[in-house]
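Quick note: the sequence shown uses our numbering, first residue 437, plus one each step.
Don't be surprised by glycine CBs; every beta carbon is placed ideally from N, CA and C.
Source: prediction; values computed, not measured.
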Amino acid sequence: MKITSLAPDPLICPLCGKPNSCVNLGAKDIHKTCWCNDPNIHFSNELLEQIPADKRRKACVCRACALAFMRKNTSPD
């Protein structure tokens, strides 16, 4: 018997495993305004590279992980 992996849940953060609160995917409406459209939140390549390859472009990073990464990687003014 071969065990196959399940597709990633698009509503679960691929980094921490908690709900990502994606309004666009949750409502199945790409026209809704999601928290990820906040101009103060940046999704750098370094952050996106941390997503496991099998989950890239299949699940959104949550706000907590995005903000934690920004805090950790932003030098103080």
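To the nearest angstrom, report how far apart V497 and T510 are at their CA atoms.
-> As a first step, residue 497 is located in the sequence shown; it is residue number 61 there, counting from the start. As a first step, residue 510 is located in the sequence shown; it is residue number 74 there, counting from the start. For V497 and T510, the distance between alpha carbons rounds to 18 Å.
So which of L447, I477, I487 has the shortest CA-CA distance to M506?
-> As a first step, residue 506 is located in the sequence shown; it is residue number 70 there, counting from the start. The residue with the shortest Cα to Cα distance from M506 is I477.
Round the Cβ separation of F479 and A504 to the nearest angstrom and send it over; I've been treating them as touching at under 8 Å.
-> The sequence position of residue 479 within the sequence shown is 43, counting from 1. The sequence position of residue 504 within the sequence shown is 68, counting from 1. Not confirmed; about 13 Å, so no contact.
Leaving out the 5 sequence neighbours to the left and right, which residues in its chain are closer than 7 Å to P488 when beta-carbon positions are compared?
-> Locating residue 488 in the sequence shown gives position 52, counting from the first residue. So the list reads P450, once near-sequence residues are dropped.
On the premise that C452 lies in contact with A495, defined as a C-beta separation below 8 Å, what is that separation, rounded to the nearest angstrom?
-> Start at 1 with the first residue of the sequence shown, and residue 495 comes out as number 59. Start at 1 with the first residue of the sequence shown, and residue 452 comes out as number 16. With 8 Å as the limit, A495 and C452 do not qualify as a contact, their Cβ atoms being about 11 Å apart.
Can you grab the Cα-Cα spacing for the pair A493 / A443, in whole Å?
-> Your numbering for residue 493 matches position 57 in the sequence shown. Your numbering for residue 443 matches position 7 in the sequence shown. The sequence shown places Arg at residue 493, rather than the Ala named in the question. If I take the Cα positions, the gap works out to 12 Å.
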